[in-house]
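There are 2 protein chains.
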Amino acid sequence: MNLEKRLHSRGYRYTPQREAVFGVLKENEGKPLSPEEVHELACKRFSSLGLTTTYRSLELFCDLGLATRVHLHGDSHYYEVNTGKHHHHMVCLSCGAIEILEACLIEELKERVRDGSDFLVTEHCMSLFGYCPGCLTSRKG
Amino acid sequence: MNLEKRLHSRGYRYTPQREAVFGVLKENEGKPLSPEEVHELACKRFSSLGLTTTYRSLELFCDLGLATRVHLHGDSHYYEVNTGKHHHHMVCLSCGAIEILEACLIEELKERVRDGSDFLVTEHCMSLFGYCPGCLTSRKG
DNA sequence: TCCTTATCGACAATCATTATCATTTAATAA
DNA sequence: TTATTAAATGATAATGATTGTCGATAAGGA
Ligand SMILES: [Zn+2]
Ligand SMILES: [Zn+2]
Ligand SMILES: [Zn+2]
Ligand SMILES: [Zn+2]
C-alpha cells in the first residue's frame, strides 16, 4: 500500500510535505536518519518544508507503522523506513558508519525472561558499537 | 577501592559533593537514575549541591569506571553504579518500573557478527520494554 | 598555615523537541 | 468547478535537558 492510501485509510491527509519526508526515508532504507538530516534531504523534494512538519511527519509515520524509531547513542532521535524486516544496527565509534545487523536473539532472551520473571516483553531495542572495517584498517597504518 | 582512593589515584579531588552523588548511586544499585533524580536525592546528603556539579560528577564517574550510562527510551540520560556485573533492563511501559535482566546473549551475537562482517564489536546496549507483573495484574480487573 | 588550582555553583547559552496560532490547503460536497 | 471546513503547515515562542562560562570556594600539598 502506498503512502497516500495508508494515510487516507487512517483519516490523514496526503500532502506533498509528507510525501517528501517519506520519500527520503524510503531512499535511505537501512540508514537511520535524524530529523535534521531528514529535513535537509526532504527540502530538496519540497523546498519550503518546515522542520516542525518534518518532526510531526516522522512521528506520524511511526504511529502508522510506516517508520520505526531507532535508538542509538547520541542526543538525537533517529528514524528509518519500516521494511517489515526486523533488524538492529552496528555503529562505528570512529566514523559513525552504520551497518545493518539482521541477527537478533530476542526470542531466546524472551524465553529466559519467561523463566525468571513475569515481565511481559513487547518491545526491545539494541545497538552494537565498535569499529567498522574501514576504520580498523586505517588504524593499523 | 573506595571513592576517595579512586579519585586520588587519577588525580581528582575527593569532595563532599562527589561523595554525595556517588552515595546515591550506590544506594540505588540496579536502578538507573536520571541526573535530576540523582540531584534531588544527593541534596539530602549535601544540601547545597548544584545540578551542574551533579551532571559533572556522573560523567566523571563513568570515565573512571565507577558508573555506567544506561540508555533507555525517553529524553534523559540515566546512570547506575558500576557493580562489575554486566546486565540489562526491562522497563514497564505502563508504570516505568525497571527490572534487572542478567541474561545477555551478546557473545552469541558477536560470533554471528564475526561470521558475517568485519565489524569489531566493543560495546552494546539493549533494553527490553513491556509490562511488569503488577501492571499486568491490574489490567485484568 | 598558606598556595595553587581543581572544583564548585549560579547563570547564561545551546541543542533537540514540542506547543502555539494564524495561515494555507486537501478533501469533500454542492 | 467552486465553496466549505477542518486538517495540516510553518514561523515563532516555549520547553527541557545538557553544557559552557566565570568568579568564588576549598581540597590537598608545601
Ligand atoms: Zn568507521
Ligand atoms: Zn531484535
Ligand atoms: Zn508496571
Ligand atoms: Zn549485554
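Residue numbers (our numbering), protein chains in the order written: chain Y, 1 to 141; chain G, 1001 to 1141. Think of the CB as a built atom: it goes at the ideal place given N, C-alpha and C, for glycine as much as any other residue. The structure presented is a predicted model; accordingly, all values stated were derived computationally and were not measured.
- Under the Cβ criterion (8 Å, minimum of three pairs), the stretch 1029–1037 of chain G counts as touching the stretch 1073–1081 of chain G.
- Relative to ligand 3, the beta carbon of Gly-1134(G) is positioned inside 7 Å of a heavy atom.
- Pairwise C-beta distances place the stretch 1105–1116 of chain G in contact with the stretch 93–106 of chain Y, as three or more of them are shorter than 8 Å.
- Taken through DSSP and simplified to helix, strand or coil, Leu-66(Y) comes out as coil.
- At a cut-off of 8 Å, the C-beta of Asp-1063(G) has no neighbouring C-beta in chain Y.
- Here the alpha carbons of Thr-52(Y) and Glu-29(Y) stand approximately 22 Å from one another.
- DSSP, read as helix, strand or coil, puts Ser-1047(G) in coil.
- At least one heavy atom of ligand 1 lies less than 7 Å from the C-beta of Ser-94(Y).
- The bridge partners DSSP lists for Val-1081(G) are Ala-1067(G).
- If you draw a straight line from the Cα of Val-121(Y) to the Cα of Tyr-1012(G), it is about 42 Å long.
- Put simply, the backbone Cα of Leu-64(Y) is about 8 Å away from that of Arg-10(Y).
- A direct Cα-Cα distance of roughly 13 Å separates Thr-83(Y) from Ile-100(Y).
- For ligand 1, no non-hydrogen atom lies closer than 7 Å to the CB of Tyr-79(Y).
- Taken through DSSP and simplified to helix, strand or coil, Tyr-1055(G) comes out as helix.
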